[in-house]
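Participant:
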Amino acid sequence: MALYVQKYGGTSVGTVEKIEAVAEKVKGFRDKGHDIVVVVSAMSGETNRLIGLAHEVMEQPTPREMDTLVSTGEQVTISLLCMALNKRGCPARSYTGGQVQILTDNAHMKARIQKIDDEKIHSDLKQGKVVVVAGFQGVDEDGNITTLGRGGSDTTGVALAAALNADECQIYTDVDGVYTTDPRIVAKAQRMEKVTFEEMLEMASLGSKVLQIRSVEFAGKYNVPLRVLSTFQDGPGTLITLEEESEMEKPVISGIAFSRDEAKITVLGVPDIPGVASRILGPVSAANIEVDMIVQNVAADKTTDFTFTVHRNDFNKVMKVVEQVSDDLGAREVTGDDSICKVSIVGVGMRSHAGVASKMFDTLAAESINIQMISTSEIKISVVVSEKYLELGVRALHTAFGLDSESTD
Ligand code: ADP
Ligand code: ASP
Ligand code: MG
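Heads up, the sequence shown is in my numbering, so the first residue is 1484 and it goes up one at a time.
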C-alpha cells in the first residue's frame, strides 16, 4: 500500500459541496488501504478577500500581521474537510502549520520551509487516520505564523511528501494536468503525459501558475515524484519527471508560458560610462524590488538607453526610485509602460535544434506583433510585447511550433 500526499487547491475546496466531494475522493483512497496525507488551500477567492480586508485598514500592513490574517483561510478548509471525512466514518485529524510543525525562516509572506516534524503525522497514520494539513503556512522559531508566498500550498504538499518519503505527491486542481500552455487561453492546448523538472521549473518561473515555482524546485531537489491531476475527473494527469524523452520523441518546444504581471522602465540618454547599470539598479534592489529582464544598448552619441522589467505591482515604486537616480546621472528621460507582457517558449529540445529563435520571431512578425525585448537561456526564449497581443502571440506560437491538438473537445 502506498503513502500519498494529496494537495487540493482553492477551486477544489471552493464550496462545502466541493469539500464533501474531496472527502469522498480521499475516503476512496483510504478504503483501498493507502495512507493519505491531505494538504488543502483556502476556499477559492478567500486569500484575495483577506488581503482586500487588510488593505481596507491600511495600505502597507506589517508582513507579520498579513501572515496571521491570510493563514486563516486554510484553517477553515482543514477543519471542514476533517468534519466531512469523520461524517463518512473516516477518522481524520487537522493540523495547522504551527501544530505539525512546519518550521520556516522568518521571511514573512515568502518564508522558506526549513524542517518538518513528522512525528504526529506518522502516529496518526499508524492509527488509520487521514491527516489534513493546512497548506501555505508555517511557523518560525519564535512561534510567529508565516506564509510561503501565493500558491504556496503546492510547496507544503511537496515538502511533506519529501519529509514523509511519500510514494507520490499529487497536486489535484481544476485542470487534468500540465498543458502545453494555459488551456484558458488556448483551447487547442494539449495535456502533457510527462514534463521534466527543468522544463516545469522554467514554465512556472515564466508565469504558468499551475504549480508554484518553489514546489517544483523542492520536488527536483529531493526527487519527489510529482503529479498534477484533476479533482473532478479521473485520469493519469501529468508526471513531472527527471527523465528526458529520447531524442526522437522530444518536441523542440514543450510549452509556452506567459505573464501579464510585467512592467517596463527605460532610462533614456544615460552617459555610457562604467558603473551606470549598478547606479540605476542598486537603488532598485535596495528598495527590495526584483528586476527581471535587462537590456542596454549604446547609441552613436555615446549615451545609452537602459531598459529593465519588474513585477507590475512594483511599477509606481520603481518609477519614483529611477526618476531620482536619473536626475543624479544626468539622463535625458525616464519612461515606463505597465501594459506589457512576457511570452516565453520552453523546451529542452531547443538545445539540439537551431533556428528556434528565428521561427519565434518570424511567427510574431507575421502577426505584426512588435518585440520590445528578448532574453534567452539554454531552454527558453522570452519576448516582451504589448499586453494587447498576448492571446494572439501565444496562439500563433502554439500553432507554429506544432503544439495544437487535433480536437478541441
Ligand atoms: P489551484 O487553486 O488548484 O492551486 P491554480 O489556479 O493555482 O489552481 O492552478 C490551476 C490553473 O493554472 C488552471 O486553471 C490553468 O488556468 C492555469 N494554468 C496556467 N498554465 C497552465 C498550464 N501550462 N497547464 C495547466 N494549467 C495552467
Ligand atoms: N491560499 C493561498 C493562495 O491563494 C495558497 C494556495 O492556494 O496555494 O495563494
Ligand atoms: Mg495554485
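Don't be surprised by glycine CBs; every beta carbon is placed ideally from N, CA and C.
1. Checking 7 Å against the spacing of the C-beta atoms, do Val1661 and Thr1721 come in under that value?
2. CB Phe1741 to CB Val1877, shorter than 7 Å?
3. With a threshold of 6 Å on Cβ separation, who are the neighbours of His1794 within its own chain once the five nearest residues in sequence on each side are excluded?
4. Just checking my contact of Phe1798 with Asp1821 at CB under 8 Å: how many whole Å lie between their CB atoms?
5. Inspect the beta-carbon positions of Ile1823 and Ile1864 and report whether they are closer than 7 Å.
6. Where do the ends of the beta strand (DSSP E) carrying Asp1744 lie?
7. Please determine whether the Cβ atom of Gly1492 lies at a distance below 6 Å from any heavy atom of the ligand ADP.
8. If distances are taken between C-alpha atoms only, which option among Ser1554, Leu1486, Glu1700 and Lys1570 comes closest to Ala1504?
9. Relative to the ligand MG, is the shortest distance from any of its heavy atoms to the C-beta of Gly1894 smaller than 6 Å?
10. Go ahead and pull the three-state DSSP assignment for Lys1539.
11. Could you give the residue range of the alpha helix (DSSP H) that holds Val1711?
12. Starting from the C-beta of Lys1501, find all residues in its chain whose C-beta is less than 7 Å away, skip the five residues before and the five after it, and write them out in chain order.
13. Let me know if Glu1685 comes out buried or exposed under the rule of 16 or more other beta-carbons within 10 Å of its beta-carbon.
14. Using a Cβ-Cβ cut-off of 6 Å (strictly less than) and excluding sequence neighbours within five positions of Pro1544, which residues of its own chain qualify?
15. Quick one: give me the first and last residue of the alpha helix (DSSP H) that Glu1500 is part of.
16. Helix, strand or coil: how does DSSP classify Leu1605 here?
17. Is the distance from the Cβ of Thr1792 to the Cβ of Asp1755 below 7 Å?
Facilitator: Result, derived from the coordinates:
1. For the purposes of this step, residue 1661 is taken as the residue at position 178 of the sequence shown. For the purposes of this step, residue 1721 is taken as the residue at position 238 of the sequence shown. Contact: yes.
2. Taking the sequence shown and counting its residues from 1, one reaches residue 1741 at position 258. Taking the sequence shown and counting its residues from 1, one reaches residue 1877 at position 394. Yes, the Cβ-Cβ distance between Phe1741 and Val1877 is below 7 Å.
3. By one-based count along the sequence shown, residue 1794 stands at place 311. For His1794, where only same-chain residues beyond five positions count, the Cβ hits under 6 Å are Asp1744.
4. Start at 1 with the first residue of the sequence shown, and residue 1798 comes out as number 315. Start at 1 with the first residue of the sequence shown, and residue 1821 comes out as number 338. At roughly 5 Å, the Cβ-Cβ gap stays under 8 Å, so Phe1798 and Asp1821 are in contact.
5. The residue labelled residue 1823 in the question sits at position 340 within the sequence shown. The residue labelled residue 1864 in the question sits at position 381 within the sequence shown. Result no, Cβ atoms of Ile1823 and Ile1864 do not sit closer than 7 Å.
6. Walking along the sequence shown from the start, residue 1744 turns up at place 261. Gly1738 to Pro1754 is the span of the beta strand (DSSP E), which, as asked, contains Asp1744.
7. Along the sequence shown, read from residue 1 onward, the residue named residue 1492 stands at position 9. Within the cutoff, so yes.
8. The count along the sequence shown starts at 1 and reaches residue 1504 at position 21. The shortest C-alpha separation from Ala1504 is found at Lys1570.
9. Residue 1894 lies beyond the range of the chain shown here (1484 to 1892); nothing can be said about it.
10. Position 56 of the sequence shown, counted from the first residue, corresponds to residue 1539. Residue identity check: residue 1539 is Glu in the sequence provided, not Lys. Glu1539: helix per DSSP, three-state reduction.
11. What you label residue 1711 is simply residue 228 of the sequence shown in a count that begins at 1. Per DSSP, Val1711 belongs to no alpha helix (DSSP H); it is in the beta strand (DSSP E), Leu1709 to Ser1713.
12. One-based indexing of the sequence shown puts residue 1501 at position 18. So the list reads Ser1495, once near-sequence residues are dropped.
13. Within the sequence shown, numbered from 1, the residue matching residue 1685 stands at position 202. Result: buried.
14. Against the sequence shown, residue 1544 aligns to sequence position 61. So the qualifying residues of the chain are Ala1537.
15. Along the sequence shown, read from residue 1 onward, the residue named residue 1500 stands at position 17. From DSSP, the alpha helix (DSSP H) with Glu1500 extends over Val1499 to Asp1514.
16. Walking along the sequence shown from the start, residue 1605 turns up at place 122. Reading off the sequence, residue 1605 comes out as His, not Leu. Of the three classes helix, strand and coil, the one that applies to His1605 here is helix, per DSSP.
17. For this step, residue 1792 is matched to residue 309 along the sequence shown. For this step, residue 1755 is matched to residue 272 along the sequence shown. No; because the gap between Cβ atoms is not below 7 Å, this pair is not in contact.
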